[in-house]
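Q:
Residue numbers (this note's numbering): 2 to 193.
1. Between which two residues does the beta strand (DSSP E) carrying residue 126 extend?
2. If you reduce the DSSP assignment to three classes, tell me which class residue 107 lands in.
3. Cα separation between residue 173 and residue 97?
4. By how many angstroms is the C-alpha of residue 10 removed from the C-alpha of residue 1?
5. Among 137, 101 and 109, whose alpha-carbon lies nearest the alpha-carbon of residue 120?
6. Determine, using beta carbons only, whether residue 157 and residue 145 come nearer to each other than 8 Å.
7. Could you work out which residue in 5, 71 and 44 is closest to residue 18 when comparing CA atoms only?
Written as structure tokens, this is what we have:
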């Protein structure tokens with residue numbers, strides 16, 4: 002059977018013209034109806050499997066995308082939860098006190114980090130931040146709040162919006178990824 006004949010018979014089968022395809026095979030190759038039916042059955046299974054592959058392909062892509070997005074969502078939400086736990090634990094184990102910016106250390110012409118004097122456990126101390134910012138977020142004489150770890154004396158500048166913004170960004174990213182994942186999985190359930 003030539004490629005042209007096979008395509009013609011498959012086209013008839015796709016249109017639902019099975020009897021016409023069998024009759025065509027009988028006349029073209031001088032076959033019995035049983036032999037033509039077997040050939041038509043074989044070609045029809047090819048047509049069904051190729052149609053099924055074509056229909057399944059977008060579903061597989063959407064389901065895979067949905068699974069990957071859901072994994073990303075869970076990863077982001079777990080990260081936000083862990084970061085929240087870490088922040089909360091750090092705050093509980095720290096003393097919250099005031100300090101005063103006494104100077105700025107410049108790394109480049111514009112990036113600066115604050116030098117902060119504070120008192121902890123009755124002792125005057127100095128904290129030199131390693132977080133350089135451009136433009137500088139602090140100025141000399143500014144009062145800032147600090148968290149000083151009770152165990153080892155590590156200092157963190159209390160910048161509430163910065164502390165919680167990482168958690169909010171991770172949680173929001175996770176929520177968006179979860180919603181997109183659910184939408185993709187619902188679309189994948191539809192028939193194409």
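Think of the CB as a built atom: it goes at the ideal place given N, C-alpha and C, for glycine as much as any other residue.
A: In brief:
1. Here the beta strand (DSSP E) through residue 126 covers 124-129.
2. When secondary structure is reduced to three states using DSSP, residue 107 falls in the strand class.
3. Rounded to whole angstroms, the separation of the alpha carbons of residue 97 and residue 173 is 29 Å.
4. Outside the displayed span of the chain (2 to 193) sits residue 1, for which this structure offers no information.
5. Of all alpha-carbon atoms in 137, 101 and 109, the one lying nearest the alpha-carbon of residue 120 is that of 101.
6. Between residue 157 and residue 145, the C-beta spacing is not below 8 Å.
7. For the residues 5, 71 and 44, the minimum Cα distance to residue 18 belongs to 44.
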